Structures are given as structure tokens and as C-alpha cells.
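Enquirer:
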Amino acid sequence: MSNYKVFSNVDGLRDMTDAEKEQYDKDIAKDPTKEQVKLAQIKEIRLEKLIETDYLAMSDNVMSEDMIDFRKQMRDIPQDFTTEEQYDELLARDEQGNLTHTVWEKP
Numbered sequence: 003m004s005n006y007k008v009f010s011n012v013d014g015l016r017d018m019t020d021a022e023k024e025q026y027d028k029d030i031a032k033d034p035t036k037e038q039v040k041l042a043q044i045k046e047i048r049l050e051k052l053i054e055t056d057y058l059a060m061s062d063n064v065m066s067e068d069m070i071d072f073r074k075q076m077r078d079i080p081q082d083f084t085t086e087e088q089y090d091e092l093l094a095r096d097e098q099g100n101l102t103h104t105v106w107e108k109p
């Protein structure tokens, strides 16, 4: 994963000790990447959109095909959008702070 080098004012660039390597790996595992943070934001927005339309899925209501498709599209976002560039597109907002990607538009 890493070449396990560290800079020391005393030694200059040197190899990490085994203990330093272990701590480095633990720190990396705890620190979410930008991609993970963006995906978490997208999942939060997706959940909000699904909650907003949950009332339409009640047994006494007949949902339109467009709404069924929209809700399926929301559920499919994690597998349909997988790169950081796509995450940036999903999270893009206009000057008023509204999401601009068409995937978020309700029918």
C-alpha cells in the first residue's frame, strides 16, 4: 500500500519501523477518503429523497410508474455511480444551493 518511508529531522528520509508501519496502517484505516465522504453525503441525500416519497408507497396508494422508477433509481445510486468524478457530478449545486444532477429530480 505504501512504501513506508518517513522523514525525520535527525535521520532524513528513512524506512518506518514495524511499530510505525502498524500505526500508519491503523491511521489510514480510520481516516475516510474524500470518495468515502462524498458517497456518505450522496447516501444521505438519497435517503432524504426516499423518505420524502415514502408516503406514496403505502398500501392504500397507487404509485405512478414514474415514481416507482424514481425510487428504484434512488436505491440504485451506489451501484450506478462509482467514481469520485461521478460523485462530484451528483453533489453539484447551483447558486441557490439546489442539486443540479437530473437523478435527483422527482417526477
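Start counting the sequence shown at 3; every next residue gets the next number (my numbering). We put the beta carbon where it would ideally sit given N, CA and C, even for glycine. As the structure is a computational prediction, the values presented were derived from the model and not from experiment.
1) By DSSP, does VAL105 sit in helix, in strand, or in coil?
2) Quick check on ILE70: buried or exposed, where buried means 16 or more other Cβ atoms within 10 Å of its Cβ?
3) How should LEU49 be labelled, buried or exposed, when 16 other C-beta atoms within 10 angstroms of its C-beta is the threshold for buried?
4) To the nearest angstrom, how far is it from the Cα of LEU93 to the Cα of GLN25?
5) Nearest by alpha-carbon distance to GLN75: which of ALA31, ASP62, LYS45 is it?
6) What are the boundary residues of the beta strand (DSSP E) that ARG16 is part of?
7) One question on the structure: do TYR6 and ASP13 come within less than 8 Å of each other, judged by their Cβ atoms?
8) For VAL39, does the three-state DSSP call read helix, strand or coil?
9) Assign ARG77 to one of two classes, buried (16 or more other C-beta atoms within 10 Å of its C-beta) or exposed (fewer than that).
10) Could you compute how far the alpha carbon of SER98 sits from the alpha carbon of ASP20?
11) On the CB-based measure, 16 or more other CB atoms within 10 Å of its CB, does ILE79 come out buried or exposed?
Expert: The short version:
1) Your numbering for residue 105 matches position 103 in the sequence shown. Correct three-state label for VAL105: helix.
2) In the sequence shown, the residue the question calls residue 70 occupies position 68. Under this definition ILE70 is an exposed residue.
3) In the sequence shown, the residue the question calls residue 49 occupies position 47. Exposed.
4) The residue you call residue 93 lines up with position 91 of the sequence shown. The residue you call residue 25 lines up with position 23 of the sequence shown. In a straight line, the C-alpha of LEU93 is about 33 Å away from that of GLN25.
5) As a working mapping, residue 75 is identified with position 73 in the sequence shown. The candidate whose alpha carbon is nearest that of GLN75 is LYS45.
6) Within the sequence shown, numbered from 1, the residue matching residue 16 stands at position 14. Taken as a continuous stretch (DSSP letters only), the beta strand (DSSP E) holding ARG16 covers 14 to 17.
7) Residue numbering aside, residue 6 sits at position 4 when the sequence shown is read from its first letter. Residue numbering aside, residue 13 sits at position 11 when the sequence shown is read from its first letter. Contact: no.
8) Within the sequence shown, residue 39 is the residue found at index 37, counting from 1. Helix at VAL39.
9) Here residue 77 refers to the residue found at position 75 when the sequence shown is read from its first residue. Flag for ARG77 reads exposed.
10) Position 96 of the sequence shown, counted from the first residue, corresponds to residue 98. Position 18 of the sequence shown, counted from the first residue, corresponds to residue 20. A small fix is needed here, since residue 98 is Gln in this sequence, not Ser. Computed Cα separation, rounded: 51 Å.
11) Taking the sequence shown and counting its residues from 1, one reaches residue 79 at position 77. Buried.
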